[in-house]
Every structure is written in structure tokens, then in C-alpha cells.
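Just so it is clear: in the sequence shown, position 21 is 49 by this note's numbering, and no numbers are missing. From the three backbone atoms N, C-alpha and C, an ideal C-beta is built for every residue, glycine too. Please read the structure below before turning to the comments.
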Amino acid sequence: MVLRFGRTGSLEDVFLKLLSLSGLTARIALSVALGVPAFPSTANSTEKLYDWSSDEVAVDSAEAIARGCLDSVEPQERDSCVYTPTKVCVSQFDGGKGNQYDNNQCSGFSAMAWGRILDDVYGRLLQFKGAPKGIQKSQSMWRAWSDFDCEIRSNYEGTMAALDNANCHLDHRANRVMELKYLLRE
Numbered sequence: 029m030v031l032r033f034g035r036t037g038s039l040e041d042v043f044l045k046l047l048s049l050s051g052l053t054a055r056i057a058l059s060v061a062l063g064v065p066a067f068p069s070t071a072n073s074t075e076k077l078y079d080w081s082s083d084e085v086a087v088d089s090a091e092a093i094a095r096g097c098l099d100s101v102e103p104q105e106r107d108s109c110v111y112t113p114t115k116v117c118v119s120q121f122d123g124g125k126g127n128q129y130d131n132n133q134c135s136g137f138s139a140m141a142w143g144r145i146l147d148d149v150y151g152r153l154l155q156f157k158g159a160p161k162g163i164q165k166s167q168s169m170w171r172a173w174s175d176f177d178c179e180i181r182s183n184y185e186g187t188m189a190a191l192d193n194a195n196c197h198l199d200h201r202a203n204r205v206m207e208l209k210y211l212l213r214e
């Protein structure tokens, strides 16, 4: 489904389109439409501050947040960690403004962080004595599907395309991490 947010639609049309989105993308799209941050700033809270000063360090920060979350929850609660790096990033990046650029950047950092974690978990699975036969073929096919699926979901013009692409990769990679951790019996 491709959504186009032009200036020709009524406010009601925009809200109906936003209601058809799900999860984080819907929250961010609504925040952009209303001109308010998707995640309120926590700059004055006791939350740990992370470094978002460059792409590489920002991905390191997002990875540390995701790994910290995974280590702090029970296996059945790992889904709650999927968007944690994005939420923290949006609340801290560029002073917590939460604008479209910040949302795009933070989703991208989080997708790359989950990619790193996925590569690590997959590498450990390959070394695991009980690794399923065919896991290499499975992973190769999964990657091809994931890349294709995310390209299809974000193949349109507009500022939301980058966000949709990053969130798609984030979702796919984080979910694959959970699947492979299960195979590792972690």
C-alpha cells in the first residue's frame, strides 16, 4: 500500500490514511502531520544520554541500547526491545526535536544496529553445535526477501520513503535476531 500525503487532501483524509499505518510509522507520521515530536524529549530525565554526534557513533549507541534491552528482559519479552533504540534516539538526537529528519536518522541508526546484532547472532549460530542444517541457505534467502520486501514498501517519492525503508529493515532484522536467538536457545 502506497500512501501519498499531498496538500490536496482534507485533514480527515490525512487522518484516515494515518489510521491505516501501524506501530511506529503511524506514530511518527501523525507527529509529522501535527508538528509535534513523536517521542517527548527526555533530555531532563534520568535516562542515560548517548552519543549521536556522527553516524558511526550513533549506530554504536543504538546497538548498545538494543543489546542492553535484550540482556535486561526475559526471552518472551524481547519484542519490547525492537523500537527502544529509535525511541531513545528520537528523544535525544538534535535536542529531542523529533522532526522528520530526526525520525529518519534514528530509524536508520536503529536498523543498522539491529543489522550488526543480526550478523553477530548469525555468526554465533554458525559456530553452534546444534545449528540447523541449511541455515546458511535459509539466511541467504531471508536476506534477499528482506531487501526486496523493504524496497517494495518504500518505493515511492516523499520524505516518508526513507523512514518506511529504515523501519522495514529494523522490523525484519530485529525479528530475525529473535528467531536466531531461539535457535541458539538463548
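Query raised in the report: With DSSP run on the structure shown, which of helix, strand or coil describes Arg152?
Result: DSSP places Arg152 in the helix class (H, G or I) of the three-state scheme.
**Report entry** Helix, strand or coil at Arg204 according to DSSP, with G and I counted as helix
**Finding:** In the structure shown, Arg204 sits in a helix (DSSP, three-state: H, G or I).
Requested in this report: Have a look at Ala86 and Tyr129 and give me their C-alpha separation to the nearest angstrom.
Outcome: Just so you know, the alpha carbons of Ala86 and Tyr129 end up roughly 14 Å apart.
**Report entry** contact_flag[the segment 159–174, the segment 110–121] where n(CB pairs < 8 Å) is 3 or more
**Finding:** Counting Cβ pairs under 8 Å, fewer than three are found: no touch.
Report task. Could you tell me the distance, in whole angstroms, from the CA atom of Val205 to the CA atom of Pro103? Result -> Their Cα atoms are separated by approximately 12 Å.
Query - Helix, strand or coil at Asp79 [DSSP, three-state] - result: In this structure, Asp79 counts as coil in the three-state DSSP scheme.
Query - Start-to-end residues for the alpha helix (DSSP H) that takes in Lys125 - result: In this chain, Lys125 is not harboured by any alpha helix (DSSP H), its DSSP state being neither H nor E.
Query raised in the report: So, using beta-carbon positions, are Val118 and Gly126 closer together than 7 Å?
Result: Gly126 is positioned such that its CB atom lies closer than 7 Å to that of Val118.
Query raised in the report: Would you call Gly34 buried or exposed, if buried means 16 or more other Cβ atoms sit within 10 Å of its Cβ?
Result: Any reading at Gly34 needs caution, since the residue's pLDDT is 42, under 50, leaving its predicted position unreliable; the model's value is listed next. It is exposed - the Cβ of Gly34 has fewer than 16 other Cβ atoms within 10 Å.
Query raised in the report: How big is the Cα-Cα spacing for Asp148 and Gly123?
Result: As the crow flies, the alpha-carbon of Asp148 is around 31 Å from that of Gly123.
Query raised in the report: alpha helix (DSSP H) containing Ser119: first to last residue?
Result: Element bounds for Ser119: 112–120.
Query - Between the CA atoms of Gly186 and Ala159 - distance to the nearest angstrom - result: Here the alpha carbons of Gly186 and Ala159 stand approximately 42 Å from one another.
Query - Inter-residue spacing [alpha-carbon to alpha-carbon] between Asp99 and Ile93 - result: Their backbone Cα atoms lie some 10 Å apart in a straight line.
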